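Take a look at the structure set out below.
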Amino acid sequence: MNRAALGSAMARRTSPHLLLVLRDRPGLKEAVRARLPSVPAALLSEMRPDAVGDVEAALLGSIAREGFGWEPSAYPRLRFVQRLYAGVDDVPFASIPERVEVAGNVGGYSPFVAEHAVTLALASARCVVEGNARVAAGKLRPPPPLRSLYGETAVILGYGAIGQALADRLRSFGMTTVGLNRTGRPIPGCERMYPQERLREAVGAGRFVFDARPLTTRTRLSLGRSEFEAMAPDATFVNVGRAGTVDEEALYRHLLAHPEFRAALDVWWEEDFGRGTLGHRFPFSTLPNFVGSPHLAAFSPKVEAYALEKALDNLARFFAGERPAHVVDRTEYAGLAPV
Numbered sequence: 008m009n010r011a012a013l014g015s016a017m018a019r020r021t022s023p024h025l026l027l028v029l030r031d032r033p034g035l036k037e038a039v040r041a042r043l044p045s046v047p048a049a050l051l052s053e054m055r056p057d058a059v060g061d062v063e064a065a066l067l068g069s070i071a072r073e074g075f076g077w078e079p080s081a082y083p084r085l086r087f088v089q090r091l092y093a094g095v096d097d098v099p100f101a102s103i104p105e106r107v108e109v110a111g112n113v114g115g116y117s118p119f120v121a122e123h124a125v126t127l128a129l130a131s132a133r134c135v136v137e138g139n140a141r142v143a144a145g146k147l148r149p150p151p152p153l154r155s156l157y158g159e160t161a162v163i164l165g166y167g168a169i170g171q172a173l174a175d176r177l178r179s180f181g182m183t184t185v186g187l188n189r190t191g192r193p194i195p196g197c198e199r200m201y202p203q204e205r206l207r208e209a210v211g212a213g214r215f216v217f218d219a220r221p222l223t224t225r226t227r228l229s230l231g232r233s234e235f236e237a238m239a240p241d242a243t244f245v246n247v248g249r250a251g252t253v254d255e256e257a258l259y260r261h262l263l264a265h266p267e268f269r270a271a272l273d274v275w276w277e278e279d280f281g282r283g284t285l286g287h288r289f290p291f292s293t294l295p296n297f298v299g300s301p302h303l304a305a306f307s308p309k310v311e312a313y314a315l316e317k318a319l320d321n322l323a324r325f326f327a328g329e330r331p332a333h334v335v336d337r338t339e340y341a342g343l344a345p346v
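Below is the structure:
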């Protein structure tokens, strides 16, 4: 083999088959090499123009924060996109060729989001914010209007990886769990399962209602005035899924009109991660029956490595010639308008 041919063969062997549409971060390349030792990989920022023809799969972070300049159609052999994050509602499907399958990182954050959902439920039920204010004021009694999870029924909307992890934790508090998924198919450990078309009936089945659903064309604004009216008057609503599944004004008005009703949110209608700001049209934080956190359920020192491992596991299936898990139906996200 002459020198030119040898150089061409070496270039083909080392051309990336996996594109990392991510910012570089400590341990990223090492984790990719450890899990996919035979798959050449490169960051988008390091991609050579002459190597785009060999890319078969991409690991996608945030388009807004990490994917500037990425044009999926420029990669003729691209067949699979694995999301690092669980949700795919912000993935630019219109720019991704139809031949390319896309998977969310289902289960990549479930232990941490489930833990935070329990935290919010307890903070609301046990009046943690009000209790802290009373400590600051030096007041011992009377106690605030406390509630208990013990003996109650929890309704989990979205009984996927997060929902099941949440149910496991809630049962340890002595709670009964019922759920809602797409079809109503029973899942072991869940007392009763509702299909998505019986959402209004499902939300009335317990005093604690947790929303862990993705944002799709089916779930968008699916919790509105009639759904909140169908909940118990003294229910506690916890959202760790997507704010867009909820009608913001309907929730605020319901909290005002029903002081016994409580809400705890970790997700918001206007989230600008680039600037680090969140927004909402109504002053939820001024209400005594509300507690919130700034979309931090998936933050902890262990999260990033755990989520990356799950995403790489699915990429390993793809490169082994197996069917990747959690491939989404892109029709559920087509034309998904902002709330």
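The numbering used here puts the first residue of the sequence shown at 8, with every later residue one more than the last.
Even for Gly, the Cβ is constructed at its ideal location relative to N, Cα and C.
Just so you know, these numbers come straight off a predicted model, no measurement behind them.
Apart from the five residues just before and just after residue i, which ones in its own chain have a Cβ nearer than 7 Å to its Cβ?
i: S131; result: T243, R269, A271 and V298
i: F235; result: A257, L258 and H261
i: P240; result: H265, E267 and F268
i: C134; result: P151, P152 and L153
i: G191; result: M200, Y201 and P202
i: L43; result: L25, L319, L322, A323 and F326
i: S292; result: G299
i: S155; result: A132
i: E277; result: L285, G286 and H287
i: S307; result: F119
i: R106; result: R86
i: P301; result: L285
Would you grab the beta carbon distance between residue i and residue j for me? Rounded to a whole angstrom, and I think it's under 8 Å.
i: L91; j: L29; result: 7 Å
i: D273; j: L303; result: 7 Å
i: R72; j: F280; result: 6 Å
Which same chain residues, not among the five before or five after residue i, have their C-beta less than 8 Å away from its C-beta?
i: E137; result: P151 and P295
i: Y157; result: F180, G181 and M182
i: L228; result: G251, T252, V253, D254 and V346
i: A318; result: L66, Q89, R90, L91, N112 and G115
i: R40; result: A48
Is the Cβ-Cβ distance between residue i and residue j less than 9 Å?
i: A64; j: F87; result: yes
i: W275; j: L285; result: yes
i: A366; j: I169; result: In the structure as shown, the chain begins at 8 and stops at 346. Residue 366 is therefore absent and cannot be evaluated.
i: S22; j: D61; result: yes
i: T224; j: Y340; result: yes
i: A81; j: V98; result: no
i: L50; j: G76; result: no
i: A124; j: V245; result: yes
i: N139; j: G167; result: no
i: L343; j: D96; result: yes
i: L206; j: L230; result: yes
i: A312; j: A38; result: yes
i: T211; j: C197; result: As written in the sequence, residue 211 is Gly, which differs from the Thr given in the question. No, the Cβ-Cβ distance between G211 and C197 is not below 9 Å.
i: A237; j: E208; result: yes
i: P79; j: P104; result: yes
Opposite residue i in the DSSP bridges: which residues?
i: N246; result: D218 and L272
i: M238; result: According to DSSP, which records beta bridges pairwise, M238 is partnered with nothing at all.
i: Y116; result: Paired residue(s): none; Y116 is not in a bridge.
i: Y201; result: L187
i: F87; result: A64 and E108
i: G299; result: L272
i: T160; result: T183
i: T284; result: D279
i: L319; result: DSSP output for L319 lists no bridge partner at all.
i: A121; result: None, per the DSSP bridge assignment.
i: R28; result: Checking the sequence, you will find Val at residue 28 rather than Arg. L67.
i: L230; result: V253
i: A48; result: L25
Going along the chain, which residues of its own chain have a beta-carbon closer than 6 Å to the beta-carbon of residue i, five neighbours each way excluded?
i: M8; result: Only weak support is given to the placement of M8: the predicted model assigns it a pLDDT of 40, under 50, and the question is left unresolved by the model.
i: L25; result: V46, A48 and A64
i: R220; result: L164, G165, T226, G248 and T252
i: A12; result: Reliability of the predicted coordinates at A12 is poor, the pLDDT of 42 falling under 50, and no value is obtained from them.
i: G283; result: none
i: R141; result: none
i: H333; result: A110, G111 and V113
i: R330; result: none
i: M17; result: With a pLDDT of 38 at M17, under the threshold of 50, the predicted position of this residue should be treated as unreliable, and no value is reported.
i: P193; result: M200
i: G14; result: Confidence at G14 is low in this model, with a pLDDT of 39, below 50, so its placement is unreliable and no value can be given for it.
i: T338; result: none
i: R232; result: A257
i: L127; result: V245 and A271
i: V310; result: F119
Does the beta-carbon of residue i, which I'm using as the reference point, lie nearer than 8 Å to any heavy atom of the ligand MN?
i: D320; result: The ligand MN is absent from the structure shown, which contains no ligand whatsoever.
Is any beta-carbon of chain D found at less than 9 Å from that of residue i?
i: E108; result: This model lacks chain D altogether, as it is built from one protein chain only.
Hey, is the stretch 161-168 in contact with the stretch 206-223, meaning 3+ C-beta pairs nearer than 8 Å?
At 8 Å Cβ cutoff, the stretches touch.
Pairing CB atoms from the stretch 164-181 with CB atoms from the stretch 105-118, are three or more of them under 8 Å?
With a cut-off of 8 Å, the stretch 105-118 and the stretch 164-181 count as touching, because enough Cβ pairs lie within range.
contact_flag[the stretch 323-336, the stretch 99-113] where n(CB pairs < 8 Å) is 3 or more
Cβ pair count under 8 Å is three or more, so yes.
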